[in-house]
């Protein structure tokens, strides 16, 4: 194999594994195969945990695991090798090192590493299986919605830390209070503050299994008070996440709207049939396909209505100053 | 019957079943009768499930079911036949085919199909009864709020998929973790990951029946950690739905406000007594009657206050530039 | 007693019971006494339900109840009589009739009526006591926050109806599904759809007592599915109420802000010491005292900062057009 | 020691304990040591509650407690003494008195007072230990996120009072209703309204332990009704807190954004390397470090994009009037 054909191969691998702009049937098949393999691995882990199934099909499970490891290792190696095509102005090893330090590469490594470790150190089989679930993280590469969620979690990190910090303080205080009050009546369930914390977590998150409950009047009164005052705190992370998600989607929608309007002014209504252009726009903004479609349809409808209004000479007024905006 | 009188009959049926602008006492009676029949069907399904009631009134229930099937079948046929009146420029069968593919027609078909299937294939009686509950979906035609909800679900489909996808990942991971930790202490309840998933779902949604709970210290610690971190995720769909609903209603309110202002400028204050015009406006915007009323009352009050302010020469300032807007 | 002194008495009663602008030590004492009496009545109902307490202090409870009835009856009669002072241009009986039909008057009537009914029809003692709790509603007159809540509930009535309607549909469907699946395994707990509804309500609201849970694999799978998809719906009314409350308070804050700015321009900084003026403003806008105080303090701080900025010649820019606003 | 060197010592103590602008390695070490001591105290309280641990390491726990008391007392005294350096124009004792009345000083006092009380009055050992948890409150001085939360709670005090007031009314009504219905079937669990309140709190907060549940059909129907209608109310405080927190952070972000833009115009892009200036800005606005970093990065990115757009002569339009803003 000459150096030249090796370079062509490297470019081919790069296009199929790294380049999002390169969309051929083959590259799409590669992606779908890898997604299928990840989902298959998770299904295998779940099925193996059922003893009867594992005993009956042990060989198949082992074969599937070895195949998966080989494929994921090859994928990691090929990504590592071909990423050098990314930027012609940079040296190959510098780019490889940059890629190896990126989040996606570390996830890829975590997905295969435990299996190799197992050769040297003997890990408990059950734990090893669970570690295979980390391969789920590889899906983030393929699903925009997971990327958005991770971005929101990263951006709202400060708020989350604050809320979890407050939640921990509340759990400690609630557990201590109920420990003092209930310790004599239930020396088993509330034998210490760490044990009482189980009750506090189960109550403040409103899960409420009922395996440990206060039984004395004083304990019930304190429990009711803690529940009423604290019930909100446990729901705060969800609130932060929900509003963060809404904000992030909103921003991306606005960005999409703006860029789409510019496209519309530059290329006219025919832009709607330019699927490649729209797909590039979607990837630049970072929105899931379904949502993108909905927004484009609505923007187009508004655009047509506006044009219709203009033809009919309908007037629009500024919501603030009441001036006619149609001029 | 001549062809002409048949056509007149078809128009009559069309007006009463399809045409929302055609509001007579008779058409309203038809609608109320159909709503009543749907609700009656649901009540019958619920009552039949009580063995004593079913045995005692078996004949009445069977009679009611047969009557309902006949009426719903007639309704479907009449809608199918009369929809040809919808658009005089299109052929009758083309319109019928279009209608048959629409959501409302499919719901109507689903509502009667299982009863006919029963003649050919013998379906379990209990399942057949439950399938009758699908007739509830027919109510969406009559209730704007259900339509709004469905629209929001459709529009936020992408977000829902993302959240349910994440929720499934979290359930798998939580179930696997607790399975590893609790499997030895409770080999029955946590015998496999799929069994541990029951605990994970019950905990992450904060339902917390308490039929399966971790008992080891390690299991309780892991359970508490999972609960604290994951409790938010299960509440996300509600958050998305709530904010989506708020957005949708907000948009419709603004549209109503704008169109009402235009009506007010065109027709003056007397528009308030023009019930037909307001009803048409309400249907165009798509708002429930109660909400519409509230908004109109408030808009009218603001309008009157503005007029009063103008007479008194009160000044208004732009919230941004501080300029006098009263000129 | 002459007619004139009767009229003066009526005005005095009117001022103390109806007129919010009339604020003397005596009128405030009357209000506090009535609030105290309502709270006392509720405390009495709660205490009477403890058998030992009721037996020990029966006479005192009966005496307190009779006194309360007399005072509340007198209050109702005096309000009814004195409301004629409200509008000098209207006839006394017309105003009394109008008042008797208002929400506040109906609540006052409901608070005393059951006790009088008891003379004619013998009501179960326990039910009669609970009906006394309706006197709690009399508190709405004195607490702005309760009025705001009722207003929001009234305004969002349409949304609430829609959500409860959807919730009922979901409960019916969930109950029917679990009934079909679990009926054979647990013929007692899931003997009919109405019985299965108890499980559906307890699950969809995430209360999860655990007294009834699915035990079959199919039932657990269906239960998990229903829980994941439906958990959001039950939280929707809270979401609607929360956002409605936030909107209402926001609107009132903006109104307060605007009116306060106008006061500030008209009367200058000394308005802050004009407690009567601020109290009238607060009642006109309808905000609780604590919140009002916070807002005024912040508005004043901003006002002072603006004045300082003006003196220092600091420039402000429009967030939209970037123009200098300081001119 | 001369008076002069005492004054220098006081200034040194003031800078390290009070002055936030004074950031040296030593002052940071003092802060970290105090945070560590607080966390250590909480850990000690939790560990002491485990009987075996307490018996084994009793002497160490006692030593740690005495050391902590000495250090916290010294901290309180030094803060009290050195605060006189705060404002040279005011007398030392006036400033000390002002400080002693401030929230932070009261928290510091509460943290050490119970230990001293123990010399005079003998407090139950368990209660005494729990009171040591109040030392957690001392952390608010070091964590911005706790300060923001406290500020939001203070500002939304009115709303919280209203919601808790409504929640109490709902609990009383729900408890009374279920008491009337279930009292005969379960005379033990629903023997009085106060006892039924335990059920009401556990249900309305959706905790649902399942230790007390309605068993009669009527009780289950009423319970389901109460749950459906009331489930929202308990989640309201969380909603208020979440939206309040979002508002507060939003306001601070906007303030940061505005001040950062002013800095950018005054000092140019090099402001990014001026860590001291940015830290001062962060403290003035009051934002956690992580969030600040995120915002600055985004603002900078937008700033650079704007500059780029200006160079390329790209046009921007006002979202309201459609005018070109680029001029």
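Chains as they are written, first to last, in UniProt numbering: chain P, 1 to 327; chain A, 1 to 327; chain U, 1 to 327; chain X, 1 to 327.
Yeah, the Cβ is synthetic: ideal placement off N, Cα and C, and Gly gets one too.
Between residue 309 of chain A and chain U, is any beta-carbon pair separated by less than 8 Å? To locate residue 309 of chain A, count along the second chain from 1; it is residue 309. With 8 Å as the cut-off, residue 309 of chain A does not count as an interface residue toward chain U.
Reference residue 62 of chain U; option with closest CA among U/125, U/175 and U/260: Within the third chain, numbered from 1, the residue matching residue 62 of chain U stands at position 62. Looking at the Cα atoms, U/125 is the closest of the given residues.
Might you give, ordered along the chain, the residues of its own chain that have their beta carbon closer than 7 Å to the beta carbon of residue 190 of chain P, omitting 5 neighbours on each side? Working through the first chain from its first residue, we reach residue 190 of chain P at position 190. Correct list, in chain order: 178, 179, 182, 183 and 196.
Which ranges does the alpha helix (DSSP H) cover as unbroken runs of at least 4 residues, wholly within the region 71-137 of chain P, from first to last along the chain? 92-101, 103-120 and 125-132
Who are the neighbours of residue 54 of chain U on chain A, taking C-beta pairs under 7 Å? On the third chain, position 54 is the one that residue 54 of chain U refers to. Correct list: empty, because the minimum Cβ distance to chain A is about 35 Å.
Span of the alpha helix (DSSP H) holding residue 271 of chain U? As a working note, residue 271 of chain U is residue 271 in the third chain. Premise fails: residue 271 of chain U is in no alpha helix (DSSP H) and is neither H nor E.
Taking DSSP as the reference, what is the three-state secondary structure of residue 20 of chain U? By one-based count along the third chain, residue 20 of chain U stands at place 20. Three-state DSSP puts residue 20 of chain U in coil, outside helix and strand.
Just to confirm my understanding: we take residue 222 of chain A, look at its own chain, exclude 5 residues before and 5 after, and list those with CB closer than 8 Å. What are they? Start at 1 with the first residue of the second chain, and residue 222 of chain A comes out as number 222. Cβ neighbours of residue 222 of chain A beyond the five flanking positions: 177, 178, 181 and 214.
Proximal residues of chain U, C-beta to C-beta of residue 39 of chain A below 7 Å: The residue given as residue 39 of chain A occupies position 39 in the second chain. Correct list: empty, because the minimum Cβ distance to chain U is about 11 Å.
Let me see if you follow: with CB-CB separation under 8 Å, is residue 260 of chain U close to chain A or not? On the third chain, residue 260 of chain U is found 260 positions in, with the first residue counted as 1. Judged by the 8 Å Cβ criterion, residue 260 of chain U is not in contact with chain A.
Endpoints, alpha helix (DSSP H) assigned at residue 209 of chain X: Stepping through the fourth chain from its first residue, residue 209 of chain X is reached at position 209. It is not in any alpha helix (DSSP H) - residue 209 of chain X carries neither H nor E in the DSSP assignment.
What is the DSSP secondary structure of residue 54 of chain P, reduced to helix, strand or coil? Residue mapping note: residue 54 of chain P aligns to position 54 of the first chain, counting from 1. Helix at residue 54 of chain P.
Three-way DSSP call (helix, strand, coil) for residue 194 of chain A in this model: The count along the second chain starts at 1 and reaches residue 194 of chain A at position 194. Helix.
With a Cβ-Cβ cutoff of 8 Å, do residue 76 of chain A and residue 112 of chain A count as a contact? Numbered from 1 along the second chain, position 76 holds the residue referred to as residue 76 of chain A. Numbered from 1 along the second chain, position 112 holds the residue referred to as residue 112 of chain A. Yes. Within cutoff.
Any beta-carbon of chain A closer than 8 Å to the one on residue 216 of chain X? For the purposes of this step, residue 216 of chain X is taken as residue 216 along the fourth chain, with counting starting at 1. No, no contact with chain A.
Rounded C-alpha distance that separates residue 20 of chain X from residue 107 of chain X: The residue you call residue 20 of chain X lines up with position 20 of the fourth chain. The residue you call residue 107 of chain X lines up with position 107 of the fourth chain. Those two C-alpha atoms are separated by around 19 Å.
Does any residue of chain A have a CB that is nearer than 8 Å to the CB of residue 172 of chain U? Reading the third chain from its first residue, position 172 is the one you call residue 172 of chain U. Yes - at least one Cβ of chain A is within 8 Å of the one on residue 172 of chain U.
Measuring only the C-alpha atoms, how far is residue 129 of chain U from residue 253 of chain P? As a working mapping, residue 129 of chain U is identified with position 129 in the third chain. As a working mapping, residue 253 of chain P is identified with position 253 in the first chain. Their Cα atoms are separated by approximately 57 Å.
Local conformation of residue 287 of chain X per DSSP, three classes: Here residue 287 of chain X is taken as the residue at index 287 of the fourth chain, counted from 1. Coil at residue 287 of chain X, not helix or strand.
Are there 16 or more other CB atoms within 10 angstroms of the CB of residue 171 of chain A, so buried, or fewer, so exposed? Position 171 of the second chain, counting from 1, holds the residue named residue 171 of chain A. Result: buried.
Buried or exposed, going by whether 16 or more other CB atoms sit within 10 Å of the CB of residue 186 of chain P? Stepping through the first chain from its first residue, residue 186 of chain P is reached at position 186. Buried is the call here.
For residue 135 of chain P, which residues of its own chain have a beta-carbon under 6 Å away from its beta-carbon, when the five flanking residues on both sides are left out? Taking the first chain and counting its residues from 1, one reaches residue 135 of chain P at position 135. Around residue 135 of chain P: 38, 41 and 111.
Rounded Cβ spacing between residue 166 of chain X and residue 149 of chain U (contact assumed at less than 8 Å): If you number the fourth chain from 1, residue 166 of chain X lands on position 166. If you number the third chain from 1, residue 149 of chain U lands on position 149. Indeed, because the Cβ distance is near 6 Å, the residues count as touching under 8 Å.
Which word fits residue 230 of chain U, buried or exposed, when buried means at least 16 other C-beta atoms lie within 10 angstroms of its C-beta? Residue numbering aside, residue 230 of chain U sits at position 230 when the third chain is read from its first letter. Label assigned to residue 230 of chain U: buried.
Starting from the Cα of residue 204 of chain U, find the closest Cα among X/260, X/219, X/224 and X/220 and give me that residue. Counted from its first residue, the third chain places residue 204 of chain U at position 204. Checking every option, the nearest Cα to that of residue 204 of chain U belongs to X/224.
Taking 8 Å as the CB-CB limit, is residue 161 of chain X close to chain U? Residue 161 of chain X sits at position 161 when you count from the first residue of the fourth chain. It does: the Cβ of residue 161 of chain X has a partner Cβ on chain U nearer than 8 Å.
Could you check how far apart the C-beta atoms of residue 84 of chain U and residue 92 of chain U are, in whole angstroms? I think they sit under 8 Å. The residue labelled residue 84 of chain U in the question sits at position 84 within the third chain. The residue labelled residue 92 of chain U in the question sits at position 92 within the third chain. Indeed, because the Cβ distance is near 4 Å, the residues count as touching under 8 Å.
Where residue 143 of chain P sits in the DSSP three-state scheme: On the first chain, residue 143 of chain P is found 143 positions in, with the first residue counted as 1. Looking at residue 143 of chain P - three-state DSSP - the assignment turns out to be coil, as it is neither helix nor strand.
Let me confirm a value: residue 236 of chain U is counted as buried when at least 16 other C-beta atoms fall within 10 Å, else exposed. Which label applies? Indexing the third chain from 1 puts residue 236 of chain U at position 236. Answer is buried; the Cβ neighbour count reaches 16.
Is it right to say residue 326 of chain A is buried, meaning 16 or more other beta carbons lie within 10 angstroms of its own, or is it exposed? As a position in the second chain, residue 326 of chain A is number 326, starting the count at 1. In this prediction, residue 326 of chain A scores a pLDDT of 46, lower than 50, which makes its location untrustworthy; the coordinate-derived value is nonetheless stated afterwards. Residue 326 of chain A should be labelled exposed.
Using a Cβ-Cβ distance cut-off of 8 Å, determine whether residue 151 of chain P contacts chain A. The residue labelled residue 151 of chain P in the question sits at position 151 within the first chain. No, no contact with chain A.
Closest to residue 119 of chain P by C-alpha separation, out of P/66, P/306 and P/288, would be which residue? Reading the first chain from its first residue, position 119 is the one you call residue 119 of chain P. Checking every option, the nearest Cα to that of residue 119 of chain P belongs to P/66.
Just how far apart, CA to CA, sit residue 168 of chain A and residue 202 of chain A? As a position in the second chain, residue 168 of chain A is number 168, starting the count at 1. As a position in the second chain, residue 202 of chain A is number 202, starting the count at 1. Roughly 13 Å separates the two Cα atoms.
Three-state class that DSSP yields for residue 214 of chain A in the structure shown: As a first step, residue 214 of chain A must be located in the second chain, where it is residue number 214. Residue 214 of chain A falls in the coil class under three-state DSSP.
Identify whether residue 186 of chain U lies in helix, strand or coil by the three-state DSSP scheme. Along the third chain, read from residue 1 onward, the residue named residue 186 of chain U stands at position 186. In the structure shown, residue 186 of chain U sits in coil (DSSP, three-state: anything other than H, G, I, E or B).
Who are the near neighbours of residue 242 of chain P in its chain, counting only those whose CB is closer than 6 Å to its CB and skipping five residues on each side? Position 242 of the first chain, counted from the first residue, corresponds to residue 242 of chain P. There are no such residues.
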